[in-house]
Amino acid sequence: MTNARNLSIPGGLTGALLGLVAELALEEITGMEIVNGVLAVIGAGFGLVRIDQRIYEATVNLIKRVPVEPNSDYRDVLEQIDEMSLELPELRESFVKLIQAGIQAQKA
Amino acid sequence: MVMVGLNSLTKLFRKTIGPRIEALGIFPSRYYLNRTLEALDVDDIDEAVRLITLARTGQQQNSRWRLVCQQVIFRCRVLASIHEKQIERIKTELELFGKAQDMRERYLSLQKTEGKAREVLRNYERRLLDQLAGSSGASPPS
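Residue numbers (this note's numbering), protein chains in the order written: chain H, 1 to 108; chain U, 1001 to 1142.
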């Protein structure tokens, strides 16, 4: 007794084409960006797992987004960060660690 | 097709019942912290304050919660300082160019809007400082 497999290349291609058409049609009708959506889902899941990394990135981002006046030097910026992080001990500690790491990286 | 389904379901969830379920505070703290950071990235402070408050449930002693909460407060202060500078600029321009009635009204209206934005941010800051003080058992800042 033998199990004969009937494979059809045109059938497979037609199926793939139909799947693609259905996906594109859904994207057109619903206006949903599929790839971005999936990436967002993966990103969110990844973010939940790597929350500490995410918090670290957000801390760096916070410093980067502090507005700097054209005529101010690094001491002004440090003073500004220091002033704005009053009553925020853990964040201040993170900033200090980041700055120290930056200084050590420059020395190395 | 699985991708389409997953994407559609996620979007549908976020737009319909997602906020209601989120508001119950039943998700893990990490979820709310992650969403708070997402909101902070795009300066959606209102959403960030809402989410960090939700993450607070049972997490007062959590160091991650405290750090993210402080990040939101810091951003509130930075944005409030930007509005403060804008108010100062408008004040200077008002003195220089605000002699005509229509210009004066325009400057005053701008000044009022900036003042409101600054006040909203300060309220958020006060609210979060209170939560932070509550989490460490210290007295709220004056």
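A virtual CB, placed ideally from N, CA and C, is assigned to each residue, including glycine.
Taking a contact as a CB-CB distance under 8 Å, the pair LEU1040 of chain U and GLN1071 of chain U counts as one, their CB atoms being some 6 Å apart. With fewer than 16 other beta carbons inside 10 angstroms of its own, MET1103 of chain U counts as exposed. Straight through space, the alpha carbons of ILE1082 of chain U and ARG75 of chain H are spaced by roughly 19 Å.
Within the region 1012-1037 of chain U, contact with chain H at the beta-carbon level (separation under 7 Å) is assigned to ARG1030, TYR1031, LEU1033, ASN1034 and LEU1037. Scanning chain U for C-beta atoms nearer than 9 Å to the C-beta of GLU79 of chain H yields nothing, as the closest lies near 12 Å away.
With the criterion set as a beta carbon lying under 8 Å from some beta carbon of chain U, the members of the region 63-74 of chain H are ARG65, VAL66 and PRO67, in sequence order. Taking each of U:ARG1014, U:PHE1074 and U:LYS1011 in turn and checking the Cα distance to ARG92 of chain H, the smallest one comes out for U:PHE1074.
Less than 9 Å divides the Cβ of ILE55 of chain H from the Cβ of VAL1068 of chain U. Among the residues of chain H, those whose CB is under 9 Å from the CB of ILE1082 of chain U are PRO67, following chain order. Contacts between LEU1040 of chain U and chain H, judged by CB atoms closer than 9 Å, involve ALA58, ASN61 and LEU62 in chain order. A direct Cα-Cα distance of roughly 20 Å separates LEU1024 of chain U from ARG1064 of chain U. In this structure, GLU1125 of chain U places its C-beta atom within 9 Å of the C-beta atom of ALA1080 of chain U. One thing to note: LEU1121 of chain U has its Cβ within 9 Å of the Cβ of ILE1045 of chain U. DSSP places GLU90 of chain H in the helix class (H, G or I) of the three-state scheme. For ILE99 of chain H, no CB of chain U lies under 9 Å from its own CB, so it is not counted at the interface with that chain. Residues of chain U with a Cβ closer than 8 Å to the Cβ of SER94 of chain H are, in chain order, LEU1067.
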